[in-house]
């Protein structure tokens, strides 16, 4: 009734799925407004579709993967079609296979995506989820992750939930309002007389369930209008008041049954009946009475309240003693082998310390953790801590609960539990562990200065490997903040405490020492230490398999002499991190590899792809600090392609995240990116203004802390503005500051001197020197950038033939990288030399998106669609969809042509 618009939107969702366009739609509305009815209607309209259903149950919210198990069990036979690592992780999480398999919780989400995609190959798929607010966090996270990452699959996901504080990321939202008066009165037609329908809708509003419940509770005379409505009728959409009469009319035995059902973890009629029998109540009569009154519904052994509000009412009416008694009865009568129910019910019934029970809960937490059920593990550990009479042990349990909450992505819960640990009696080890977790949380999704304070506190309490990790985390934070003195102090501390006989501690100590040295102006010593750290990380199997070392290895590469030689090890670690679903590590690593590919390897296609994936994953995980540099790189790539609106949008988002992270004062990389984007727009004054501010702020250090790193762009801007004297002084200062430069830096130093050289022949010689240095450290962007500037100078000097050679090489190189704005600039310069022929490589009319580039690069490397999907946590259909777009935009017909477009190292 009155849901034409809502049904139309659901029909579009279904039609899109049938046409191969995935969708995620959230129905949001208050209790009783009709969300469940719309889900039922969707199932009825899903002709030709496979329909999967699950719903959240408030009492099951701490059971790991409960909803996911219900949803995916019909698809279990398709598990063989899921990539092996994902299949093993999903099977472990759902109890379909061994629990001792590698893989983080995100691998379960990727397996969910792959399983749904496999099912959709035979028929369109409709996934219905009711009461999302009560779905266990692991199930909800896996399902929403999968739904957001499918684009070309025949899958429609329809979710219903009550209004919440946070939107469902990546979903279309459809608010379900109360029925309009006419529809509400139509709903009551045939149940009550029209005048009564008017009075009921005036007093109750348009909440369908409240209207129907109140109407059903009226006497016949009240329904036909010959008797007045009762005075106690709820004055508004008070669903609870409408349901209360059903509970009040039940016999005592039925009331006991409802309390047991409210306390039960699995909604099993058998479990409720067994507990009832222990009290001397006739289970059949009690359950029949509740069912006849319409308070509960049965489907085989499954028993559920007709509406979730009924459970809330039943639980709210019971005294604490009654609730504990219900849990004791359920514990005493739990089925043999159901340790989860037995232990949890005993724990909820306990009123005082119980060390044995705390131990059982801790063991239960370990089993939940094995199934990637970190929310359930954290909850069990928290309850175990409450039951322990030993303050020190309770603190250790609570500290473990903090860790699992953070690993599960529930940072608010991790912070709350951490506060309890730090306020209580805890060992130094427990405090250090909690402070380290909080430091990591702040570093990823909060304030970087706050992370520094927390990690400093943790470092004063930690010992052994924990101390080494804490100090390494602290050094990373200090690097983000440009705190050179802090890094030097941290290096001294880790050198003093690290056990040289432990390869991990030795590697971390060398890494921190090297980081501090390069920032303190001793790059030669820093390179030696960083190379020693990288070699140690690769020397043993344990360290080679440690995902947490990957960000350190990638960051350290920026200062080592043999970047290219280390790339295979980084690529291997990156593949292994993907294989175990270590998405948290991937965000940081992809943000860095994007910059590394662009600045050190000149791989701008790969940089564009990595940055986009980092931003996408960071958004899903709520990461801040690592997302900002990835957004900056995306802005750089869009600006270089002439897509200035997209570049501006990414820069705006990056600025917001930098402010949130508290790193505005040291965000040299952001200023450099903003300056480059201004240069791409031809705004030389804007470029100069941004970089002059960095000179005043910190002396103009570069993105990696290199002295006068702003010089190459600022010299170019100043010379273009005619401020040659200032540019000349800066070029000379840059050369003096770049002691023992690597070839890439030497090339930029020579280019700056060439731009400021007053003599054309001298400038040409310096440009050639710059290109020779570029050849020793190939950079697919900076090399043609230098050729472009060289060609411009040659043209102005009247050497048109020589200018055309440089400008043609630059134009072709820029076009090959899809950097349309720079290719166009080179073509314009070529026309200014008098060349009239069309460019050999036509400029692309429609640039590839970042995700298209990401997929195209992998496809060009020979990866099949299924392999690309597994690497990128996408479905094969999504990969196919994007590849089709790449082929269309570039006029390609085969992967052979694609490989030519994206050759190795492109």
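Residue numbers (this note's numbering): 217 to 1122. Glycine included, each C-beta is placed from N, C-alpha and C at the ideal position.
What first and last residue would you give for the alpha helix (DSSP H) that runs through residue 346?
In the chain shown, residue 346 corresponds to position 130, counting from 1. Under the DSSP assignment, residue 346 falls outside any alpha helix (DSSP H), being part of the beta strand (DSSP E) whose first and last residues are 341–346.
Which runs of the alpha helix (DSSP H), 4 residues or longer, sit entirely within the stretch 709–780?
The stretch 709–780 contains these whole alpha helix (DSSP H) runs: 719–735, 739–755, 757–760, 765–773.
Residue 708: buried (16+ other C-beta within 10 angstroms of its C-beta) or exposed?
As a position in the chain shown, residue 708 is number 492, starting the count at 1. Classification of residue 708: exposed, given that the 10 Å Cβ count is below 16.
Report buried or exposed for residue 1069, applying the criterion of at least 16 other Cβ atoms within 10 angstroms of its Cβ.
Walking along the chain shown from the start, residue 1069 turns up at place 853. Answer is buried; the Cβ neighbour count reaches 16.
For the beta strand (DSSP E) holding residue 239, just list the boundary residues, first then last.
The residue given as residue 239 occupies position 23 in the chain shown. Going by DSSP, residue 239 is part of the beta strand (DSSP E) stretching over 239–244.
Could you give the first and the last residue of the continuous alpha helix (DSSP H) run that contains residue 494?
Stepping through the chain shown from its first residue, residue 494 is reached at position 278. For residue 494, the enclosing alpha helix (DSSP H) stretches over residues 485–494.
Using the Cα positions of residue 667 and residue 656, report the straight-line distance between them to the nearest angstrom.
Taking the chain shown and counting its residues from 1, one reaches residue 667 at position 451. Taking the chain shown and counting its residues from 1, one reaches residue 656 at position 440. Approximately 7 angstroms, taken between the alpha carbons.
Please report how far the alpha carbon of residue 815 lies from the alpha carbon of residue 995, in whole angstroms.
Residue numbering aside, residue 815 sits at position 599 when the chain shown is read from its first letter. Residue numbering aside, residue 995 sits at position 779 when the chain shown is read from its first letter. Spanning the two alpha carbons is a distance of roughly 7 angstroms.
Looking at the structure shown, is residue 230 part of a helix, part of a strand, or coil, going by DSSP?
The residue labelled residue 230 in the question sits at position 14 within the chain shown. Under the three-state reduction of DSSP output, residue 230 falls in the helix class.
Judging by CA-CA distance, which residue of 580, 605, 593, 585 is the nearest neighbour of residue 567?
Taking the first residue of the chain shown as position 1, residue 567 is located at position 351. With distances taken between CA atoms, residue 567 lies nearest to 605 out of 580, 605, 593, 585.
May I ask which residues mark the beginning and end of the beta strand (DSSP E) holding residue 914?
By one-based count along the chain shown, residue 914 stands at place 698. Looking at the DSSP string, residue 914 is not in any beta strand (DSSP E); the run it does join, the alpha helix (DSSP H), is 900–914.
At which residue ranges does the stretch 581–612 contain complete alpha helix (DSSP H) runs of 4 or more residues, listed in the order of the chain?
Whole alpha helix (DSSP H) segments, 4+ residues: 590–603.
Just the C-alpha distance for residue 727 and residue 679, rounded to the nearest angstrom, thanks.
The count along the chain shown starts at 1 and reaches residue 727 at position 511. The count along the chain shown starts at 1 and reaches residue 679 at position 463. For residue 727 and residue 679, the distance between alpha carbons rounds to 18 angstroms.
Enumerate, from N- to C-terminal direction, the unbroken beta strand (DSSP E) stretches of 3 or more residues contained entirely within the stretch 347–424.
Segments of the beta strand (DSSP E) lying fully in the stretch 347–424: 371–377, 388–391.
Assigned secondary structure, residue 976 (DSSP; H/G/I helix, E/B strand, else coil):
Taking the first residue of the chain shown as position 1, residue 976 is located at position 760. Helix at residue 976.
Have a look at residue 434 and residue 484 and give me their C-alpha separation to the nearest angstrom.
For the purposes of this step, residue 434 is taken as the residue at position 218 of the chain shown. For the purposes of this step, residue 484 is taken as the residue at position 268 of the chain shown. Roughly 32 angstroms separates the two Cα atoms.
CB-CB length for residue 833 against residue 869, believed under 8 angstroms:
Numbered from 1 along the chain shown, position 617 holds the residue referred to as residue 833. Numbered from 1 along the chain shown, position 653 holds the residue referred to as residue 869. Contact between residue 833 and residue 869 fails: their C-beta atoms lie close to 15 angstroms from each other, not under 8 angstroms.
Per DSSP, which one or two residues make a beta bridge with residue 268?
In the chain shown, the residue the question calls residue 268 occupies position 52. Within the DSSP bridge table, the entry for residue 268 names 343 as partners.
Looking only at its own chain, which residues have a Cβ that is under 6 angstroms from the Cβ of residue 790, when we skip the five neighbours before and after it?
As a working note, residue 790 is residue 574 in the chain shown. Excluding sequence positions up to five before and after residue 790, its CB lies less than 6 angstroms from no other CB in the same chain.
What runs of the alpha helix (DSSP H), each 4 residues or longer, lie entirely inside the stretch 618–650?
Runs of the alpha helix (DSSP H) inside the stretch 618–650: 627–639.
Are there three or more Cβ pairs, one per stretch, closer than 8 angstroms when the stretch 861–876 is compared with the stretch 1094–1105?
No, the stretch 861–876 does not touch the stretch 1094–1105.
Mind reading off the beta-carbon distance from residue 247 to residue 525? Whole number of angstroms is fine, and I expect it under 8 angstroms.
For the purposes of this step, residue 247 is taken as the residue at position 31 of the chain shown. For the purposes of this step, residue 525 is taken as the residue at position 309 of the chain shown. Yes, residue 247 and residue 525 are in contact; Cβ-Cβ is about 5 angstroms, under 8 angstroms.
Residue 176, enclosing alpha helix (DSSP H) - first and last residue:
Lying before the first or after the last residue shown, residue 176 is absent from the chain, which here runs from 217 to 1122.
Anyone know if the C-beta pair for residue 1093 and residue 388 falls short of 8 angstroms?
In the chain shown, residue 1093 corresponds to position 877, counting from 1. In the chain shown, residue 388 corresponds to position 172, counting from 1. Inclusion of residue 1093 and residue 388 in the CB contact set at 8 angstroms is not warranted, their separation being larger than that value.
Output the residue ranges of the beta strand (DSSP E) runs that lie fully inside the stretch 258–327 and measure 3 residues or longer, sorted by chain position.
Note on the stretch 258–327: whole beta strand (DSSP E) runs with a minimum of 3 residues are 266–271, in chain order.
Checking 8 angstroms against the spacing of the C-beta atoms, do residue 703 and residue 731 come in under that value?
Here the question's residue 703 lines up with position 487 in the chain shown. Here the question's residue 731 lines up with position 515 in the chain shown. Cβ distance < 8 angstroms, so residue 703 and residue 731 count as in contact.
Need the endpoints of the alpha helix (DSSP H) that residue 498 sits in, please.
As a first step, residue 498 must be located in the chain shown, where it is residue number 282. Unbroken run through residue 498: none, as it is neither H nor E.
Complete runs of the alpha helix (DSSP H) confined to the stretch 832–873 [at least 4 residues]
For the stretch 832–873, the continuous alpha helix (DSSP H) assignments of 4+ residues that do not extend past its boundaries occur at 843–856, in sequence order.
Go ahead and pull the three-state DSSP assignment for residue 1103.
As a position in the chain shown, residue 1103 is number 887, starting the count at 1. Helix at residue 1103.
Give the DSSP-derived three-state secondary structure of residue 331 in the structure shown.
Numbered from 1 along the chain shown, position 115 holds the residue referred to as residue 331. In the three-state DSSP reduction, residue 331 falls in the helix class (H, G or I).
Indicate the three-state DSSP secondary structure (helix, strand or coil) for residue 939 in the structure shown.
Taking the first residue of the chain shown as position 1, residue 939 is located at position 723. DSSP places residue 939 in coil when its eight states are reduced to three.
Could you tell me the alpha carbon to alpha carbon distance between residue 931 and residue 639, rounded to whole angstroms?
Residue 931 sits at position 715 when you count from the first residue of the chain shown. Residue 639 sits at position 423 when you count from the first residue of the chain shown. The alpha-carbon separation between residue 931 and residue 639 amounts to approximately 55 angstroms.
Go through its chain and collect everything with a Cβ distance to residue 452's Cβ below 8 angstroms, but skip five positions before and after it.
The residue labelled residue 452 in the question sits at position 236 within the chain shown. Only weak support is given to the placement of residue 452: the predicted model assigns it a pLDDT of 41, under 50, and the value that follows is read from those uncertain coordinates. Excluding sequence positions up to five before and after residue 452, its CB lies within less than 8 angstroms of the CB of 419, 420, 421, all in the same chain and listed in chain order.
Element boundaries [alpha helix (DSSP H), containing residue 522]
On the chain shown, residue 522 is found 306 positions in, with the first residue counted as 1. In the DSSP assignment, residue 522 falls outside any alpha helix (DSSP H), carrying neither H nor E.
Residue 1028: first and last residue of the uninterrupted alpha helix (DSSP H) it sits in:
In the chain shown, counting from the first residue as 1, residue 1028 sits at position 812. Element bounds for residue 1028: 1016–1032.
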